[in-house]
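Positions in the sequence shown are counted from 1; adding 1 to them yields this note's numbering.
All C-beta atoms, glycine included, are put in the ideal place defined by N, C-alpha and C.
Everything below concerns the one structure shown next.
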Amino acid sequence: MTEQLIPSRRAFPSDDPIFALNAEAQAFKAAGGSVLNATVGALLDDAGQLVVLETVMDLWRELTALEVAPYAPIAGDPAYLKALVQRHWPSATQAGAACATPGGSGALGLSLRNFLERGQSVLTTAPYWGPYATLAAENGVGVITAPWPAAGEPLDATAWDAALRALMKTQGRVLLWLNDPCHNPTGRSLSAVDRVVLLGLLRDIAALGPVTLLLDFAYLDYTREPAAVAEALADYAALGAEGTVLVGACMSLSKSMTLYGGRAGAIAFPWSGDPTLQAALTQSCRGTWSNCAKAPQALLLRLAREGKAQARLSAEHRHWSEVLASRALALDAALETNGREALRWQGGFFVTVPTPEPEAVCTRLKAEGVFTVPLPEGLRVGLCGLRAADAPRFAETLRRVGDGR
Ligand SMILES: Cc1ncc(COP(=O)(O)O)c(C=O)c1O
């Protein structure tokens with residue numbers, strides 16, 4: 002053991018758990034086994050190849066030396082920030098207080114350092130994307146959860162109210178990370194009614210102290226219901242414009258542009274012009290990654306200027322959303338045939354099959370060559386990597402190994 006490493010940093014797993022599961026699946030395959038690998042977090046076509054959006058790659062190839070090599074401004078190119086905000090909120094007239102970040106992850110981490118003191122807790126949903134906990138731990142804050150509605154069930158307003166009030170009471174402020182619409186890992190969005198209820202609770206609690214609602218927009222381009230996504234964004238915009246709650250978004254080019262390795266994104270508060278907030282965000286950038294990569298910012302600016310490329314990209318998004326929808330439908334049909342409830346995917350790359358003892362079930366599935374990610378609430382299945390034709394095998398194997406329900 003490296004004695005130079007401080008004691009509090011010595012007990013981590015050697016690999017990220019999801020990447021480790023993926024490696025296990027690869028090893029099973031290399032040993033000649035037939036593998037159904039639903040652990041992957043990137044979009045694959047039915048031949049198992051990584052999907053790279055052609056419109057984006059064409060724009061990438063056009064980038065000139067001066068769009069790639071120089072430093073970007075510390076807080077990011079203002080035109081990039083505005084263009085990214087307007088992809089989601091076309092009616093926004095400005096990015097507001099904002100900065101470029103390495104992916105949505107950079108934006109999430111930065112929010113912890115600016116809206117919470119160390120030792121305080123961020124509120125999010127259960128289930129949530131696992132790295133939320135890692136980001137929180139790295140920033141010295143805790144994670145408190147309130148339940149994401151189960152398929153077909155309403156939001157548990159009592160539990161949300163209690164969680165919000167408890168946090169406001171203990172720490173005098175609330176930061177909520179809300180991965181809506183297109184929630185990872187359930188694949189469902191809040192219904193219009195649930196959203197009204199939750200935003201009402203946030204307004205109420207904001208009367209007691211500062212509340213920040215940070216929307217995590219990782220998957221918005223992949224949905225069965227673009228109109229419902231637009232409605233949700235309009236509701237969040239209305240709350241932001243009201244000013245009672247500070248509303249912002251983490252945006253990412255990882256999934257939306259299939260530029261996972263480009264490490265680009267942003268955090269933006271389009272309804273805030275507060276120079277103090279802007280200065281704090283810029284300071285965080287300088288003190289963590291200094292400046293972000295320039296090339297993806299330049300690419301987004303080219304996209305914002307080229308109507309034809311936008312239309313082509315949105316056709317690509319529609320195509321892959323339909324592929325995801327057909328995989329989700331095949332999975333629901335197979336689950337129902339095997340005596341389980343449908344999962345009712347609406348958007349994003351994942352669904353979660355509720356099950357007791359997820360770790361034990363995951364281990365039994367692995368022995369059959371079926372790889373999923375165990376979460377406290379169930380098994381996360383990556384529709385992004387699951388062929389519709391493999392859905393029956395998944396559901397049948399799950400029934401065979403049993404999950405103690
Ligand atoms: C819910 C959610 N938020 C944020 C991210 C961040 O991704 P990135 O840092 O690549 O933008 C991911 C990636 O998987 C995600 O699933």
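Taking R196 as reference, the option from L216, N38, L304 with the minimal CA-CA separation is L216. By the Cβ criterion, the stretch 188-204 is in contact with the stretch 338-358, since at least three pairs of Cβ atoms, one from each stretch, lie closer than 8 Å. Under the three-state reduction of DSSP, W178 is assigned to strand. In this structure, D181 has its CB at a distance of at least 7 Å from all heavy atoms of ligand 1. In chain order, A343, L344, R345, W346 place their CB closer than 8 Å to the CB of D333, counting only its own chain and leaving out the 5 sequence neighbours on each side.
Around C100, the same chain offers A76, G77, A267, I268, L282, T283, C286 as residues with beta carbons nearer than 7 Å, after the five sequence neighbours per side are excluded. According to DSSP, residue pairing for P355 in a beta bridge involves G379. A Cβ closer than 6 Å to some heavy atom of ligand 1 marks a residue here, and those residues are G42, G104, G105, S106, W130, N180, N185, D217, A219, S253, S255, Y261, G266.
Cβ contact annotation for P375 (same chain, cutoff 7 Å, sequence separation greater than five): P359, E360, C363, in chain order.
Between the stretch 88-100 and the stretch 224-242, the count of Cβ pairs shorter than 8 Å is three or higher; the stretches touch. Taking N140 as the centre and dropping the five residues before and after it, the same chain places the C-beta of G110, L113, R114 closer than 7 Å to its C-beta, in chain order.
With contacts defined by Cβ atoms closer than 8 Å, A329 and L384 form a contacting pair.
When A158, A151, V175 are compared, the shortest CA-CA separation from I145 is found for V175.
Nearest Cα to D205 within the set N185, F116, G244: G244. Here the alpha carbons of S322 and V69 stand approximately 30 Å from one another.
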